[in-house]
Structures are given as C-alpha cells and as structure tokens.
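Heads up: the structure comes next, in structure tokens.
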Amino acid sequence: MIDTHCHLDLLKKDDLEETLQDRGLEYLITVGYDRKTIKNALRLSEEHSHVFCAVGFHPHEADKVRDEDLLWLRELAQKHPKVKALGEMGLDFYKDYSDRKRQ
18 MIDTHCHLDL LKKDDLEETL QDRGLEYLIT VGYDRKTIKN ALRLSEEHSH
68 VFCAVGFHPH EADKVRDEDL LWLRELAQKH PKVKALGEMG LDFYKDYSDR
118 KRQ
C-alpha cells in the first residue's frame, strides 16, 4: 500500500516513527507546499528509503510565489531522485485566497 499524500513533517516524533514503521505502508509520499515544507519533505525522503516526496506551492499562497520559486521547483522536480510528483497545487476558487489568474 502507498500513502500518496501525507505531511510527515507535521507529525510529532513518536507519531512519525510509528507511521514510518507501519508495515501496511510500503511507500509514503510526503508533500511540501512552500519552501520550508518542501525542504522538510526532501530531508525526510533522504533519511528514509521508503519515503518520497511531492513538491509544489499551495494555491492559497500563489500571490507570494516568485519566478525564482518556480525555477527552483522545476529543478527539484527534474533532478532530485526522491521527488516523484508535483502536489499541493491547483486551483482553489472556493476560498479565493489568491488571485485566480496567478493560481
């Protein structure tokens, strides 16, 4: 079984260890949604062979994302061996925290 969307960096240490040792999960994909959480996701994926990551910028933060952020994200997606997906991205018109065109 694969958990395709989790936030391992939000777990307390004991909960993290329990989740990482869950025998029902063969792989986990932890998601980073801003620079800080992307770096955390990368670190966790590098520390654990069965953890991979998805990276992206949450649509609620779209107004804060700069061109350099997108270039960094592209480079990670293309070159980092533990990045397997783009995630936490998309259009969120329900809450409208960010400009629709920018999303």
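Sequential numbering of the sequence shown, starting at 18, is according to the numbering used here.
Positions of the beta carbon are idealized from the N, C-alpha and C atoms, including for glycine.
Keep in mind it's a predicted model, so treat the numbers as computed, not measured.
In this structure, Arg119 lies near Asp80, with their beta-carbon atoms less than 7 angstroms apart. Counting only the Cα atoms, Arg83 lies some 17 angstroms from Gly49.
Annotated as proximal: Asp26 and Thr54, with beta-carbon spacing under 7 angstroms. Contact annotation: Lys99 and Cys70 have beta-carbon atoms nearer than 7 angstroms. When secondary structure is reduced to three states using DSSP, Asp51 falls in the coil class, being assigned neither helix nor strand.
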